[in-house]
Amino acid sequence: MKEKKQQARESHMECHHKMQARIHEAEDTIQEQQLVIEALVEEKSSLLQTIQGSYQEAEDTIQEQHMIIEALVEEKASLVQIIQGLQEDNDAPAPFDDEWEEEAEEEPEEEGLEDIPLGEGEIIEE
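Take any residue in the sequence shown, count from 1 to its spot, add 13: that is its number in our numbering.
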C-alpha cells in the first residue's frame, strides 16, 4: 500500500511539474504578446502623429495658396484699373471689356490653287 501511495505521489508530482511548466510557458507567451501589443500601440500613436502633422502641413499649404491667390486677384484688379486709366488718358480702346468676344479666325483663301482629285494629274519635275 505504501508503494502505491508513493507511486501516486510521484505521478501527482510529475503531473504538477508538467502543469507548472505549461503555466510558465503560457505566462511567457502572454508577456511576449503584451510586449508586441504595446509596441503596436506605440507605432500606431507615432503614425497618427505623423498623419496629423502631414494633414496640418497640407492645411497650412492650402491656406497659404488661398492667400496667394487672393493677393494675385487683388493685384490683377489693380493692374487692370491702372491699364484702363492709362488707356483713357491716351484715348485708347479698352481691351479688358467684360463683354469681350473672341473674333473668329478667318481661313485665308489660297489663290491659284484648284481642287485636283486625288490620283489624277501628273507630277512634272523641272
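A virtual CB, placed ideally from N, CA and C, is assigned to each residue, including glycine.
| task | Please state whether DSSP places M80 in a helix, a strand or coil. | result | helix
| task | Return the CA-CA distance between Q47 and A39, expressed in angstroms with no decimal places. | result | 12 Å
| message | Measuring straight from C-alpha to C-alpha, what distance separates H30 and S24? | response | 10 Å
| query | Hey, how far is the Cα of Q44 from the Cα of A34? | reply | 15 Å
| query | In three-state terms, what does DSSP make of A21? | reply | helix
| task | Below 8 Å CB to CB, which residues in the same chain sit around Q19 once its five sequence neighbours on both sides are set aside? | result | none
| message | I'd like the list of long-range same chain contacts for L99, defined as Cβ closer than 6 Å, with 5 residues on each side in sequence excluded. | response | none
| What residues in its chain sit with their C-beta under 6 Å from that of C28, if we drop five residues either side in the sequence? | none
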